[in-house]
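Residue numbers for the sequence shown, in my numbering: 483 to 709.
No residue lacks a Cβ here, since even glycine has one placed at the ideal position from N, Cα and C.
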Amino acid sequence: MDMAKALRGREAPTALIRRCAAAVATAGLLLTLAGCQGEDDGADRAADAGAVVLAPGRPGEKARTLTPEQAAKAKPDDSPNAADRAYVQRMIEHHRQALTMSALAPERAAADGVKGLAERISAAQRPEIGAMEKWLAVHPAPSGGSGGHDHTAMPGMATEQQLKELTGARGADFDRLFLTLMTAHHEGALKMAGEVLAAGNNVAVEEMATEVVATQSAEIHRMRAMG
483 MDMAKALRGR EAPTALIRRC AAAVATAGLL LTLAGCQGED DGADRAADAG
533 AVVLAPGRPG EKARTLTPEQ AAKAKPDDSP NAADRAYVQR MIEHHRQALT
583 MSALAPERAA ADGVKGLAER ISAAQRPEIG AMEKWLAVHP APSGGSGGHD
633 HTAMPGMATE QQLKELTGAR GADFDRLFLT LMTAHHEGAL KMAGEVLAAG
683 NNVAVEEMAT EVVATQSAEI HRMRAMG
């Protein structure tokens, strides 16, 4: 009997704790529902007043309240310019040569690191080509505009002779030549990306160029470490 009393005495605090927890949970639920109701009321009032856009002011100036129509008119014009179109057209060809070089690695490279690098380059640049081709379809060159470019003169492009040497190389010789040519190729891509970031106007092209800088800078460091 004493043991039973002792057990009941131990259970009492546990039951009390459970009841308190249930009360707290119930109170929290009521507060949450009240908060949601308040938020809905606020949203309804905002809808009644009409949608607005808060535009931050310049340093020292107050923010402005704009209608959606005013905000759309205030949006900067990011229409593609000649630098944007030239970059996309040239970078497509630049990437295609990187794919050609990378396709040689599985059968010719000796180092697994070189094979893995070539695979990563293909996996990254193939979809980038697709994205750039879609961009060109949406933003064709103006009528009468020149769409021709000397792709062989692009920074970092391997010459026909260098590609021939790479195709004929095997093993460690291929690894060495691949890393040398691809490092120069990436450095050329960084130069082109830097040029369009300075002279271009389109946000989508800016994002493409920024991605090239991030990805290929990291790969350059990796190739130098491997070489």
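Check                                                                                                 : Outcome
Pairwise C-alpha distance: glutamine 571 and arginine 578                                             : 11 Å
CB-CB length for leucine 661 against methionine 614, believed under 8 Å                               : No, leucine 661 and methionine 614 are not in contact; Cβ-Cβ is about 26 Å, not under 8 Å.
Coarse secondary structure for arginine 572, derived from DSSP in three states                        : helix
Rounded straight-line distance, which links the Cα of glycine 542 to that of glycine 607              : Note that residue 607 is glutamine in the sequence shown here, rather than glycine. Going by the C-alpha atoms only, they are around 45 Å apart.
Where leucine 536 falls, given that 16 or more other Cβ within 10 Å makes a residue buried            : exposed
Sheet register partners of threonine 547 (DSSP bridge)                                                : Leu536
Reference alanine 568, options Pro624, Val695, Lys544, closest by Cα                                  : Pro624
Terminal residues of the alpha helix (DSSP H) in which histidine 621 lies                             : No alpha helix (DSSP H) holds histidine 621; DSSP gives it neither H nor E.
Residues near asparagine 683 in its chain [Cβ-Cβ closer than 7 Å; skip 5 each side]                   : Asp560, Ser561, Pro562, Asn563, Asp566
CB-CB length for methionine 461 against glycine 670, believed under 8 Å                               : This structure does not reach residue 461, given that the chain is present from 483 up to 709, and the question cannot be answered.
For glycine 676: DSSP bridge partner residues                                                         : Partner(s): none; glycine 676 has no beta bridge.
First through last residue of the alpha helix (DSSP H) which encompasses methionine 636               : Unbroken run through methionine 636: none, as it is neither H nor E.
Inter-stretch contact (C-beta, 8 Å, three-pair minimum) for the region 585–593 and the region 648–655 : yes
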